[in-house]
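What follows is one structure encoded as structure tokens, with my remarks underneath.
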Amino acid sequence: MYALGNNAPVAPAYADTTSMRSELGRIEIRFGNDPSNMNWLRPDHPYAAVSAPDGIESSVHMLRGGDSIVTTVTLGNATGKTICAAVGDIGITLPLEDRYYDDTDDYSIERHCNAHLFCGGTCSWALALRMSGKAPHLGLVLTEGALAAYSVSRDFAQYSNDRGCFVLHPEAMEFAPGQTRTISWVIFPCDSREDFFAQAAERSRFIDARWDRTVVFPGETTTLRICPSFDVNDAYGASGTGDPDGADDSADERTDVAQDGARDRVHDRADSSAVTVNGRPARPLSDGTYAFDYTPVYADVFTHDTYNDRIGEHVFTVEAGGRTVHTRVFVSAPMGELLAERVRFIVRNQQYRGDDPHLKGAYLAYDNEDQRQYYYVGDDDGKVINDYNAGRERVCMALLINAYLRALDRGVWSNESGDSLADVAHLLFSDGDALSLRDELAASLAEYRAFMERELVDTVTGEVFNDSPRDNSYRRLYNAPWFAELYVEFWKSDGDVENLRIAARILKWFYAGGGSQFYPLELPVLALGRALRETGETALYAEMRELFLTHARTLAGLGLYYPKHEVNYEQSIVAPAASVILQTAVLTGDHDLLRAGFEQLRVLDQFNGCQPDAHLNEVAIRHWDGFWFGKRKQYGDTFPHYWSGLTADVFELVGDLLVDGDGDGDDDIAAAGKFVREHLLTLLASQPGGFPTEYHRRAAASRRALLQLFFPDGTASCAYVFPFSVNGERTHFADPMANDQDWALYFIVRRLLETL
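All residue numbers for the sequence shown refer to the working numbering, where the first residue is -8 and numbers rise by one.
In structure tokens:
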């Protein structure tokens, strides 16, 4: 953005929305039938405040009718020359109450929301789901104008707990001298996602567009279902909303003539092909909706057009009756190739083989721009930096490689999957006889295990260290379950029961340090419990069962009153609660735990988006990981981030329980699973989306979304920072640091192995 008459770039006003003022003054939005009397707007940011380039004047009006609220922003060119406004030049604030703190000592998920935004043309919308999952929720649908993106303005003093004030960006617009354009939306209460879409169709000329998959592989077909709420052969509708771009036809006579001609052209097109996707007709269906199929073709590397394309994201624009929806699909490299390239890249580029004896064998973060490993832990004066060290989340690389080796041994992929020019070069220039990919991976994993048992894990006591060399100056409970999980994975590979005993020692150390009141990510309750039963470790199984039961009952007792962790409240607090409780319910057959787990499931569900965009669909809200783990050190919505896969695991577990009770065996775990299934079916009978196939579908979609963090050459990104900008700094990029994202691929391979 540039200031008129000055060639120096300037930060837009919306870089700090607290400094902006709204013509409406201080606004509250409360719904009449809300028992919590929640104010859906944050009081520390203005509602519908406008930031625009010099020469663009604005006015804002709001009309309330019961619980329906219409807000209209009029933008006008007050100069004598044309103004072209790019995306990001104009910003309109929307301060929804989506944060993990407030000004009271009684923060409640009943009075805060998870906001899902879709800025995709004239049919843009926002759905703010109350964090607790209890209706009413807040719906917003655009009625005039078009949106292209959103930014956020955050309070960095609140670190990870402030998602920020949303800033809506209209699509690029041209303003003739004196011309005005309108952006308008209606806000209303709704009971659920489906109720929101139903009301959006009633309250606007809405196009409900949904892909059955937003992430696909080459040769795989995905279908876009399109449901317009209006007569698609009428470009503007009988009652209409005027020009779909929101222009004021009375601006001048030349504008009138131009728009009349455009309207005639739209009618002509509508008559011949009522609904199009990227200019091609969608096929009409008998129920009045439309469908469009997309099958990316990968074999011909020279093919490049809208429909037969290579790896990456592709925008598909639906047009009908003068309305538009911009959707997005991501085409991933074939799974076998992607995995082979990624594990190959890790062992050849991210395993430390330098001079530091305490790092030898470690898997480290990798800077894709500098093409170097990255390790940094702060100074010796107490300024500790943990998220680029040799331990913690980066154990995921070992988990992935071990699981991938098991998949090779099971014949899921061949030893040659993904062979490339990199392998040819490796054969030509390596010293001595080059190893096969499998042998190379096995040797690398052995090096990592030696490093781990030397520097990170005491296999006798079970203590897990935060970093090498056996450094626990910063104690962190999150770390222990991950290494316990790795030892369970080692057992799956080699059958050595000592690996299970080490895993149990690690978890006993975890519980001795207060783990039963903690919300751990990836606690292997069922994996370890089943393995101990299978190997006849009866006494150890009984001991671990009691520890798991105590843990699950503690979390169930806390219910929806979550203690603060590294972030005050987040998806990766609720997901562990649901996971630990439900896994333990399956392990023990505890009926009360099942009910408690379903309560967590309802809350967890509110984090996931339902937009027709690969970055957002079934992706959980997270908005700080780019700062802590990335190179750019940038806060902002990370869509996707790999921990979104925690939700997929919970959905998958529920789906499995509904299908078969999680096992047909005759041991007590299988019997408990069958008992749980019977009660779960009763519990979910009246709930929307409670079908096993739906939970499995959503789990698969959630995992697939994470593939956007991985690239065909084996490189990866720790997070995609999605907003247009954060505090005025341009974002919408994949961070160049590869760090801890390989959990995503591990989740995918692990699930695949579970289904064999």
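Every residue, glycine too, gets a C-beta built ideally from N, C-alpha and C.
In this structure, DSSP gives GLU685 a helical state, which the three-state scheme calls helix. In this structure the region 684 to 692 does not touch the region 303 to 321; the number of beta carbon pairs closer than 8 Å is below three. Within the model, the alpha-carbon separation for PHE166 versus GLY67 is close to 7 Å. Beyond the five residues adjoining it in sequence on each side, VAL334 comes within less than 7 Å, by CB distance, of LEU391, ILE392, TYR395, LEU432 in the same chain, given in chain order. Three or more Cβ pairs drawn from the region 127 to 134 and the region 176 to 192 lie within less than 8 Å of each other, which places the two stretches in contact.
For the options ARG385, TYR465, ASP346, the alpha carbon positioned closest to that of VAL375 is the one of TYR465. At a cut-off of 4 residues, the continuous stretches assigned as alpha helix (DSSP H) that sit fully inside the region 503 to 590 are 516 to 525, 529 to 549, 562 to 579. Counting C-beta pairs with one atom in each stretch, the region 543 to 552 and the region 623 to 630 have fewer than three that are closer than 8 Å, which means they do not touch. Here PHE197 carries a coil assignment [DSSP, helix/strand/coil]. For GLY155, the closest C-alpha among the options ARG194, PRO161, ALA106 is that of ALA106.
In this chain, GLY345 is not harboured by any beta strand (DSSP E), its DSSP state being neither H nor E. When DSSP states are grouped into helix, strand and coil, TRP31 belongs to the coil group.
Under the three-state reduction of DSSP, GLU438 is assigned to helix.
From the listed residues PRO727, VAL610, LEU87, THR73, the smallest Cα separation to GLY46 is found for THR73.
In the three-state scheme derived from DSSP, where H, G and I count as helix and E and B as strand, GLU14 is classed as coil.
Of the other Cβ atoms in all chains shown, 16 or more fall within 10 Å of the Cβ of PHE283; this residue is therefore buried. Inter-residue distance for THR84 and ARG385 is about 38 Å (C-alpha atoms, whole angstroms). Around the CB of ARG383, 16 or more other CB atoms lie within 10 Å, so the residue is classed as buried. Linking ALA707 to GLN732 through their CA atoms gives a straight-line distance of about 7 Å.
ALA725 sits away from GLU609, with the two beta carbons spaced by 9 Å or more.
Taking all protein chains in view, the Cβ of ASP596 is crowded by 16 or more other Cβ atoms within 10 Å, so the residue is classified as buried. Taking a contact as a CB-CB distance under 8 Å, the pair ASN30 and TYR91 does not count as one, their CB atoms being some 17 Å apart.
Secondary structure note for CYS156: its beta strand (DSSP E) is the uninterrupted segment 156 to 161. Taking the C-beta atoms as reference points, SER570 is found no nearer than 9 Å to THR541. The Cβ neighbour count for PHE187, taken over all protein chains shown within 10 Å, is at least 16; the residue is labelled buried. Taking every protein chain shown into account, the CB of HIS36 has 16 or more other CB atoms within 10 angstroms, so this residue is buried. With fewer than 16 other beta carbons inside 10 angstroms of its own, PRO0 counts as exposed. Close CB contacts of SER50 within its chain, under the 6 Å cut and outside five residues either way in sequence, are with THR65 (chain order). Bridge partners of GLN364 according to DSSP: TYR357. When secondary structure is reduced to three states using DSSP, GLY373 falls in the coil class, being assigned neither helix nor strand. According to the DSSP assignment, ALA389 belongs to no beta strand (DSSP E) but to the alpha helix (DSSP H) extending over 387 to 400. For VAL61, the uninterrupted beta strand (DSSP E) run begins and ends at 59 to 68, by DSSP.
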